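Positions in the sequence shown are counted from 1; adding 19 to them yields the working numbering. Every residue, glycine too, gets a C-beta built ideally from N, C-alpha and C. In this text, all values refer to a predicted model and were calculated from it rather than measured experimentally. Take a look at the structure set out below.
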Amino acid sequence: MKTIPEEVIDETWQHFSELSESEAQALAQQMQEEQPFIMIYLLAADEDATGEEDAGSLMELGAIIWQVMSQGGTRLRQVSGEELEAAEDANMKFLEGLEEGPEMDYLGAVKQMIASYNQMPLLGAVLEALMAGNEDTPELAGENVGLSLLHLKTVIDCLDQ
Numbered sequence: 020m021k022t023i024p025e026e027v028i029d030e031t032w033q034h035f036s037e038l039s040e041s042e043a044q045a046l047a048q049q050m051q052e053e054q055p056f057i058m059i060y061l062l063a064a065d066e067d068a069t070g071e072e073d074a075g076s077l078m079e080l081g082a083i084i085w086q087v088m089s090q091g092g093t094r095l096r097q098v099s100g101e102e103l104e105a106a107e108d109a110n111m112k113f114l115e116g117l118e119e120g121p122e123m124d125y126l127g128a129v130k131q132m133i134a135s136y137n138q139m140p141l142l143g144a145v146l147e148a149l150m151a152g153n154e155d156t157p158e159l160a161g162e163n164v165g166l167s168l169l170h171l172k173t174v175i176d177c178l179d180q
């Protein structure tokens, strides 16, 4: 899949924020039909990764990701539970590898990932949403931002096939 341009991301995000409740419900129904395993994955991750005050935030961000990536010009194929599990495992192994190596390797690996990641504008927008209100003081961000980002990157990885 081609990299989704920032303009498409911004337009889709704006459109999503303007949905009425009935439009949002219709969109959730459509996502359930087209990407049931992503919905299940995000609902389970939402329970694990967010506190009560943020309940549903992973699902909402996942729906935005799905909508943005649906703008890519071709119909998205249905992602399987096995694909989600494999992508999450790969992301976890990447993080574990970073923890085991020296700090210089960590910085180099992160820079390489950022430089080569196909959907970096979308991942950046997702990170920005997760960090909202804590841009100047990232250390005050919720303790589950990293885990939430991992789950959402997993969804992006699977849809970006």
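{"Query": "Quick one: any contact between the region 98–113 and the region 33–52, if contact means 3 or more CB pairs under 8 Å?", "Result": "no"}
{"Query": "Can you name, in chain order, every residue of its own chain whose Cβ lies under 7 Å from the Cβ of LEU142, other than the five neighbours on each side?", "Result": "TYR136, LYS172 and ILE175"}
{"Query": "Rounded to a whole number of angstroms, what is the C-alpha to C-alpha distance between ILE84 and ALA128?", "Result": "25 Å"}
{"Query": "What is the rounded straight-line gap between the Cα of GLY81 and the Cα of MET139?", "Result": "16 Å"}
{"Query": "Leaving out five residues on either side along the sequence, give the residues of the same chain with a beta carbon under 7 Å from the beta carbon of ILE23.", "Result": "VAL87, MET88, GLN90, GLY91, GLN138, PRO140 and LEU141"}
{"Query": "When the Cα of TRP32 is compared with those of ILE57, GLU147 and THR93, which residue comes out closest?", "Result": "GLU147"}
{"Query": "Would DSSP call TYR13 helix, strand or coil?", "Result": "Here the chain has residues from 20 to 180 only, and residue 13 is not among them."}
{"Query": "Quick one, which of LEU149, LEU166 and ALA144 has its alpha-carbon nearest GLU30's?", "Result": "ALA144"}
{"Query": "Going by C-alpha to C-alpha distance, which of LEU95, LYS21 and ALA63 sits closest to MET50?", "Result": "LEU95"}
{"Query": "Hey, quick one: how far does the alpha helix (DSSP H) through ASP108 stretch, first residue to last?", "Result": "100–119"}
{"Query": "Can you tell me whether SER167 is buried or exposed? The criterion is at least 16 other CB atoms within 10 Å of its CB, across all chains shown.", "Result": "buried"}
{"Query": "Counting only the same chain and skipping the five closest in sequence on each side, list residues whose C-beta sits under 6 Å from that of VAL27.", "Result": "GLN90"}
{"Query": "By Cβ distance below 7 Å, which residues in the same chain neighbour GLU115 in space, the five residues on each side in sequence not counted?", "Result": "none"}
{"Query": "According to the neighbour-count rule (16 or more other Cβ atoms, all chains shown, within 10 Å of its Cβ), is ILE57 buried or exposed?", "Result": "buried"}
{"Query": "In the structure shown, what three-state DSSP assignment does LYS21 receive?", "Result": "coil"}
{"Query": "Less than 8 Å between the C-beta atoms of MET20 and ASP179, yes or no?", "Result": "yes"}
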